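*Asks:* Below you will find the structure I want to go over with you.
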Amino acid sequence: MNTADTMSSSALFDPLTTSGISNSDKDVERSGLASIEESAGWHRKVKSKLASWDPENEEQWENGFGGHIATRNLLISIPNISVAFAVWVIWTIVSKSILEVHKADPTLYAFEDWGSPQDDEYKRLVSLLPSVAGLSGATLRVSNTFMTHIVGGKIPNAQNSILLMLPTIMIAWALNSTDTSFSVLLLAAWLTGVGGGAFSSSNNNISTLFPKSQQGYALGFNAGIGNFGVSLTQLFVPLCIGTSFGNQPLAPDLEVWPNHAGWVWWPVALLAAIGAYIWMSDLPEHGNHNGNDELWNTIYFYCMHIQGLLGGALGVLFLIATRNTSFFHISEEVQIAHKFLAVLLTCVVEHLILWYVSPPVVREGVRKQGEMFRDKHTWIMTFIYIMSFSCFIGYAAVFPKLIDFAYGKSQEWGCTDQHGVFTVGGAEDDCLDYGGTWTKEAIDNPDAPNPFSYAWIGAGVGSLIRPVGGMAADAWGGANCTMVLTLWLAAVSMWLGSLLKKTISLDHPEDTFALFVFLSLNVFLSAGGINGTSFRTIGVLYDTKLAGPVLGWSSAMGSYGAYIFPELFDIAIESNSPEKTFYGLASYYLVCAGLNWWYYVRPGAERRGV
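With our numbering applied, the sequence shown covers 66 to 675.
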């Protein structure tokens with residue numbers, strides 16, 4: 066299908082009613098495909114099982130309801146994946162609010178079941194919560210990768226949203242008591258990984274519904290607008306946490322109620338699930354089990370989900386068991402290796418579970434899709450996708466922390482008296498006359514930017530640019546667009562590393578903040594754009610049967626990268642050298658650019674122009 070023949074974006078987003086479509090059964094019959102009229106429209110009795118499907122067939126796509134059905138599925142998929150992302154990242158906000166409450170009153174959220182840790186040990190314990198959610202979500206993406214071809218597109222979307230209600234209600238219930246158990250919070254964080262996993266099955270499903278000429282457009286909107294759920298959490302959850310809703314303060318002069326975070330998303334998840342259940346479709350070849358598709362699709366969905374949760378649990382237990390092991394803290398390199406080891410262990414075990422322990426129907430479906438692992442382009446595109454998603458989501462997660470690290474302190478001259486108390490300002494002679502020492506000390510920067518005011522920018526900008534990247538890739542080729550954006554991303558990363566190295570040595574670092582934000586925006590724009598362009602490349606490289614699984618699996622590996630990315634910066638920040646991470650990542654980006662150029666861009670490339 067030529068791009069010129071496809072429907073315009075405005076036409077695709079026109080509201081659809083069955084009565085509003087011209088009757089074209091004869092055209093569809095001439096195309097050799099069964100009519101799918103019963104699956105068209107927005108009424109509640111729409112038939113979810115498509116009688117036939119071929120998005121590359123112009124008669125069915127243009128005149129036989131195909132384009133309208135695909136668009137309806139996209140419009141329902143977007144809110145489901147948005148709420149999934151929103152819940153998945155909720156711990157980045159909740160963990161900070163827990164720390165804030167505990168700092169105001171150490172008896173609150175003391176976590177006696179974990180030995181009532183204090184100071185840095187307490188911070189490390191609470192930081193486990195977003196780490197657990199990240200690792201669990203990445204592992205669940207592996208199982209979600211293979212779901213669509215086994216159970217269809219409707220059940221994963223609907224059931225993932227239903228499952229997301231459980232951890233959000235657990236957050237509201239558990240944090241309502243300041244004596245809550247940390248183990249319960251860990252369980253809730255583990256279950257929020259469902260939100261991360263949903264991305265793979267969602268993109269897999271959407272890729273099967275659209276023609277190759279619109280893969281960038283469809284996947285860009287699904288992933289991009291869906292990913293905007295991250296920014297919605299960063300915008301709305303702090304507002305809810307900071308609003309009393311008639312409750313008494315947990316501590317004097319503290320207006321923070323962490324349990325309110327749990328009430329934000331579960332109603333949205335419920336509505337999204339209902340929409341998916343009524344209006345999403347299954348392809349004819351998907352989810353045909355034992356004559357009772359819906360029941361058996363649900364059973365197999367939960368089988369695969371339980372396997373994903375078990376794989377994630379293994380990684381979580383490894384993290385917890387080894388978090389205080391002295392060997393893993395002897396150097397920066399060993400700390401980084403510890404994170405990679407957790408990912409490798411979890412990923413390998415999850416694949417083994419799916420490959421060998423699944424029910425026969427699931428095992429057969431997984432092994433059929435495992436054909437993708439014999440294609441080198443699966444590995445190349447996964448390597449490239451890890452770059453884009455890890456940078457986009459990972460840097461968005463660490464962005465507020467970097468702002469606080471680089472701009473939260475300033476160096477001021479002052480007097481340290483005989484008792485070791487430092488006072489800013491004054492006169493050096495007066496200080497010396499009183500027996501003090503005139504020194505320069507790091508203090509809280511009164512002109513420091515508020516990190517939380519900028520927290521939403523990364524995910525917001527990166528998400529919204531994804532559809533633009535996808536549509537640009539449809540027009541000029543995914544690999545060509547990826548090439549330009551990757552080279553720029555590498556250059557900006559080197560620049561950012563150099564800027565941060567300079568900034569942390571300045572007495573008044575806020576002077577470089579505008580440039581820091583500008584460069585960071587370029588990172589988010591580039592990485593988010595590559596997200597869209599690389600998805601289009603995958604959609605064109607493979608046929609329908611493999612494009613979806615490759616999209617899902619590459620996004621699963623990218624999610625592991627998004628877990629590791631903030632960990633790398635945490636280690637670099639502790640050693641006061643964040644520039645090392647930027648330089649290392651820039652080198653990785655250049656390797657990705659080289660692979661993209663060699664296989665997809667250069668004259669004579671194996672798959673030039675994809």
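Ideal Cβ placement from N, Cα and C applies to all residues, glycine included. Keep in mind it's a predicted model, so treat the numbers as computed, not measured.
(1) Could you compute how far the alpha carbon of glycine 376 sits from the alpha carbon of alanine 149?
(2) For serine 196, which residues from the same chain have a beta carbon less than 8 angstroms from its beta carbon, with the 5 sequence-adjacent residues on both sides left out?
(3) Which of the three DSSP states, helix, strand or coil, is assigned to threonine 204?
(4) Does the beta carbon of tryptophan 153 come closer than 8 angstroms to any beta carbon on chain C?
(5) DSSP three-state label for glycine 479, please.
(6) Can you tell me the Cβ-Cβ gap for proline 349 and alanine 116, rounded? I've got them flagged as a contact below 8 angstroms.
(7) If distances are taken between C-alpha atoms only, which option among Trp344, Gly258, Ser396, Glu177 comes closest to serine 208?
(8) Between aspartate 90 and histidine 108, what straight-line distance do the alpha-carbon atoms span, to the nearest angstrom?
(9) With a CB to CB cut of under 6 angstroms and the five nearest residues on each side skipped, what residues in its chain are close to serine 59?
(10) When you compare only the Cα positions, how much space is there between leucine 319 and serine 147?
(11) Can you tell me whether glutamate 639 is buried or exposed? The criterion is at least 16 other CB atoms within 10 Å of its CB, across all chains shown.
(12) Which runs of the alpha helix (DSSP H) fall wholly inside the segment 338 to 395 and span at least 4 residues, in chain order?
(13) Would you report the Cα separation of phenylalanine 457 and asparagine 587, rounded to the nearest angstrom?
(14) Reducing DSSP to helix, strand and coil, say where serine 87 ends up.
(15) Got a sec? Which residues, its chain only, sit under 6 angstroms from tyrosine 648 by beta carbon, not counting five neighbours each side?
(16) Note down the Cα distance separating leucine 680 from methionine 446, rounded to an integer number of angstroms.
(17) Rounded to a whole number of angstroms, what is the C-alpha to C-alpha distance between proline 465 and glycine 613?
(18) With a 10 Å radius around its C-beta and 16 neighbouring C-beta atoms as the bar for buried, classify proline 120 as buried or exposed.
(19) Could you give the uninterrupted runs of the alpha helix (DSSP H) lying entirely in the segment 129 to 212, keeping only those of 4 residues or more?
(20) Of all the options Val615, Val486, Val216, which has the alpha carbon lying nearest to the alpha carbon of glutamine 434?
(21) Look up leucine 256 in the DSSP assignment and give the residues it is bridged to.
(22) Is the beta carbon of threonine 298 sitting closer than 8 angstroms to the one on isoleucine 155?
(23) Roughly how many whole angstroms lie between the Cα atoms of leucine 193 and proline 323?
(24) If we ignore side chains and look at the alpha-carbon of each, how far apart do asparagine 88 and glycine 131 end up?
(25) Isoleucine 101 by DSSP, collapsed to three states: which one?
(26) So what does tryptophan 553 bridge to, in DSSP terms?
*Replies:* In short, the structure shows the following:
(1) Taking the sequence shown and counting its residues from 1, one reaches residue 376 at position 311. Taking the sequence shown and counting its residues from 1, one reaches residue 149 at position 84. Taking the straight line joining both Cα atoms gives about 20 angstroms.
(2) Taking the first residue of the sequence shown as position 1, residue 196 is located at position 131. Cβ within range, chain order: Leu384, Tyr628, Glu632.
(3) Position 139 of the sequence shown, counted from the first residue, corresponds to residue 204. DSSP places threonine 204 in helix when its eight states are reduced to three.
(4) The chain inventory of the structure shown lacks chain C, comprising one protein chain alone.
(5) Walking along the sequence shown from the start, residue 479 turns up at place 414. For glycine 479, the secondary structure class from DSSP, reduced to helix, strand or coil, is strand.
(6) Locating residue 349 in the sequence shown gives position 284, counting from the first residue. Locating residue 116 in the sequence shown gives position 51, counting from the first residue. Contact between proline 349 and alanine 116 holds, with the beta-carbon distance rounding to 7 angstroms and staying under 8 angstroms.
(7) Residue mapping note: residue 208 aligns to position 143 of the sequence shown, counting from 1. Nearest C-alpha to serine 208: Gly258.
(8) Position 25 of the sequence shown, counted from the first residue, corresponds to residue 90. Position 43 of the sequence shown, counted from the first residue, corresponds to residue 108. Interpretation of aspartate 90 is limited by its pLDDT of 49, a score under 50 that renders its predicted location unreliable; the figure taken from the coordinates is listed afterwards. Each residue's alpha carbon lies about 20 angstroms from the other.
(9) Not covered by the structure: residue 59. The range shown for the chain is 66 to 675.
(10) Against the sequence shown, residue 319 aligns to sequence position 254. Against the sequence shown, residue 147 aligns to sequence position 82. When rounded, the distance between both Cα atoms is 31 angstroms.
(11) For the purposes of this step, residue 639 is taken as residue 574 along the sequence shown, with counting starting at 1. Under this definition glutamate 639 is an exposed residue.
(12) Entirely contained in the segment 338 to 395, the alpha helix (DSSP H) runs reaching 4 residues are, in chain order, 358 to 387.
(13) Against the sequence shown, residue 457 aligns to sequence position 392. Against the sequence shown, residue 587 aligns to sequence position 522. Between phenylalanine 457 and asparagine 587, the C-alpha separation is close to 11 angstroms.
(14) The residue labelled residue 87 in the question sits at position 22 within the sequence shown. Low local confidence applies: a pLDDT of 44 at serine 87 is under 50, so the model's placement there is unreliable, and no value is given.
(15) For the purposes of this step, residue 648 is taken as residue 583 along the sequence shown, with counting starting at 1. For tyrosine 648, where only same-chain residues beyond five positions count, the Cβ hits under 6 angstroms are Gly562.
(16) Any property of residue 680 remains undetermined from this structure, which presents the chain solely from 66 to 675.
(17) Within the sequence shown, numbered from 1, the residue matching residue 465 stands at position 400. Within the sequence shown, numbered from 1, the residue matching residue 613 stands at position 548. About 34 angstroms.
(18) Taking the first residue of the sequence shown as 1, we reach residue 120 at position 55. Looking at its Cβ environment, which holds 16 or more other Cβ atoms inside 10 Å, proline 120 is buried.
(19) Correct list: 131 to 153, 156 to 169, 184 to 191, 193 to 210.
(20) Working through the sequence shown from its first residue, we reach residue 434 at position 369. Closest option to glutamine 434, Cα to Cα, is Val615.
(21) Residue mapping note: residue 256 aligns to position 191 of the sequence shown, counting from 1. DSSP, once it has assigned bridges, lists no residue as partnering leucine 256.
(22) Against the sequence shown, residue 298 aligns to sequence position 233. Against the sequence shown, residue 155 aligns to sequence position 90. A distance below 8 angstroms separates the beta carbons of threonine 298 and isoleucine 155.
(23) Numbered from its first residue, the sequence shown carries residue 193 at position 128. Numbered from its first residue, the sequence shown carries residue 323 at position 258. Whole-angstrom Cα-Cα distance: 17 angstroms.
(24) Within the sequence shown, numbered from 1, the residue matching residue 88 stands at position 23. Within the sequence shown, numbered from 1, the residue matching residue 131 stands at position 66. Here the model assigns asparagine 88 a pLDDT of 47, short of 50, so the residue's position is not dependable and the matter cannot be decided.
(25) Residue numbering aside, residue 101 sits at position 36 when the sequence shown is read from its first letter. In the structure shown, isoleucine 101 sits in coil (DSSP, three-state: anything other than H, G, I, E or B).
(26) The count along the sequence shown starts at 1 and reaches residue 553 at position 488. BP columns for tryptophan 553 are empty, so no partner.
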